[in-house]
Amino acid sequence: MTDEVLVVAGAVLDGGRLLLAQRDRPAELAGLWELPGGKVEPGESPAQALVRELCEELDVSVSVGDSLAGVVRPKPGLTLVAMRATIVSGTVRAVEHRALRWVDADGLSELIQTGSMVPNDLAWARELMGELQVR
Ligand code: DCP
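Residue numbering for the sequence shown follows the working numbering, starting at 481 and increasing by one per position.
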């Protein structure tokens with residue numbers, strides 16, 4: 481179905497920290513933090529889409545790993561998945577976001593507790609907290 485939208489988000493973990501990006505749009509999400517990513521385009525695999533989106537949004541090349549467990553269906557026709565991504569070249573910069581930050585477990589916890597995460601991304605919060613805490 482052409483009106484089914486799949487969004488892939490990247491869990492970029494490096495040295496015990498997770499990369500989060502602060503949205504600049506739309507108004508209801510502006511200022512909130514997310515796993516960067518975007519819509520899978522026709523003909524792309526989710527992994528290919530994530531490579532493209534993180535190049536566009538963060539100006540880095542990534543290799544894509546496995547998926548996180550959570551699958552989010554916030555409304556009919558929209559599905560979000562998250563995949564691990566490792567930076568293979570470049571240094572992240574906020575091309576389309578308001579800001580970027582690397583968080584440890586405490587940093588992620590604070591953003592969750594203050595309502596500063598994009599709501600859909602809370603589906604991955606527990607798994608990501610677990611990863612950050614074991615390090
Ligand atoms: N989204 C989300 N959590 C993320 C990434 C995206 O909840 N970590 C949501 C926000 C939007 C939808 O998914 O409702 C699409 O995300 P983007 O706007 O980031 O995707 P694109 O950049 O591909 O969209 P467009 O090109 O249309 O601007």
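The beta carbon of each residue, even a glycine, is placed where N, CA and C say it ideally should be. It should be emphasised that the depicted structure is a prediction, and the values quoted were computed from it without experimental measurement.
Delimiting residues of the beta strand (DSSP E) encompassing residue i
i: V529; result: The sequence given here has Ala at residue 529, not Val. Per DSSP, A529 belongs to no beta strand (DSSP E); it is in the alpha helix (DSSP H), 526–538.
i: M563; result: 558–569
i: V544; result: 541–555
Cut-off 8 Å between Cβ atoms - residues of its own chain near residue i, not counting five sequence neighbours on either side
i: L588; result: L498, L500, A605, L608, M609, L612
i: V487; result: G517, G518, K519, V520, L558, T559, L560, V561
Nearest residue (CA-CA) to residue i, options the options
i: G511; options: A579, S525, G495, G545; result: A579
i: P599; options: V492, E484, L560, A527; result: L560
i: L538; options: A549, E484, H577; result: H577
i: L493; options: A574, R564, D586; result: R564
i: A603; options: A489, V485, D586, R573; result: A489
i: P526; options: R505, E508, L548; result: L548
i: E484; options: R532, K555, V572; result: K555
Extent of the continuous alpha helix (DSSP H) to which residue i belongs
i: D586; result: 585–593
i: R606; result: 605–613
Chain-order list of residues whose beta-carbon lies under 6 Å from that of residue i (same chain, five-residue window excluded)
i: W513; result: L500, Q502, L591, S596, M597
Cβ neighbours of residue i in the same chain (closer than 7 Å, five flanking residues each side left out)
i: L584; result: The residue asked about is misnamed: residue 584 is Asp in this sequence, not Leu. If we look at D584 and ignore the five residues flanking it on each side, its Cβ neighbours are G496, R497, L612.
Sheet register partners of residue i (DSSP bridge)
i: E514; result: A501
i: R438; result: Coverage of the chain is limited to positions 481 through 615, which leaves residue 438 absent and any answer about it impossible.
i: G490; result: M563
Residue i: CB within 8 Å of a non-hydrogen atom of the ligand DCP
i: G595; result: no
i: V552; result: yes
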